[in-house]
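The opening residue of the sequence shown carries number 842 in our numbering; numbering runs sequentially from there.
Here the structure comes first, spelled out in structure tokens, and everything after it is commentary.
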Amino acid sequence: MALSWNDLTCTPDKEAIDALAESWRWRIGDAFTPLLFTALGDMFYEADEGGIFWLNTGTAELERVAESVEGFNNLLREEVAEDWLLPSLVEALIEAGKGRTEGECYTYVTLPVFAEGEYSVENLNPVPAKEHFELTGSVLQQLQDVPDGTNVNIDITH
842 MALSWNDLTC TPDKEAIDAL AESWRWRIGD AFTPLLFTAL GDMFYEADEG GIFWLNTGTA
902 ELERVAESVE GFNNLLREEV AEDWLLPSLV EALIEAGKGR TEGECYTYVT LPVFAEGEYS
962 VENLNPVPAK EHFELTGSVL QQLQDVPDGT NVNIDITH
């Protein structure tokens with residue numbers, strides 16, 4: 842199956858981007874310009890103080906990936922983009938009948954920050970991007986100071 846750029850990326854609406862800004866402020870601050878959203882709801886952004894960063898919304902990891910937009914665009918043509926966009930997983934999701942509609946991204950049944958959380962077809966479902974950003978930002982903020990290996994119970998109300 843040939844994947845399109847739209848299969849690998851997400852185009853959230855303004856409401857979803859506002860939800861991301863609010864839910865993830867604790868991790869990325871206020872001064873950023875979104876560049877790209879992946880099908881799995883991760884965001885690449887340009888920080889106002891410089892640099893291009895990858896926010897992994899499944900783990901809250903933040904990584905500087907390039908110094909400029911031009912450098913980032915060049916990297917999208919390299920093998921590293923496979924790690925960012927996970928095309929084989931997206932293809933498996935689509936083939937399993939878990940295609941997305943406009944404004945949706947995939948979210949996790951169990952976040953990959955947990956031992957049971959996997960990047961697998963069974964652990965991902967399409968949801969509105971706004972819900973993904975709010976849920977992952979809220980849960981991961983609550984876990985930010987919890988030591989690795991700690992048992993936690995999470996009640997999610999929505």
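Beta carbons: idealized from backbone N, C-alpha and C, even for Gly.
Asked, Found
"Neighbourhood of Thr852 by C-beta distance below 8 Å, restricted to the same chain and skipping five residues each side", "Phe878, Glu943 and Gly944"
"Nearest candidate by alpha-carbon position, reference Glu890, set Gly899, Glu902 and Thr874", "Thr874"
"Reference Ser979; option with closest CA among Trp865, Leu849 and Asp986", "Trp865"
"Lys855 burial status per 10 Å Cβ neighbour count (16 or more: buried)", "exposed"
"Cα-Cα separation between Leu916 and Pro969, rounded to whole angstroms", "28 Å"
"CB contact flag (Leu1004, Tyr947, <8 Å)", "Residue 1004 cannot be examined here, being either before or after the span of the chain that is shown, 842 to 999."
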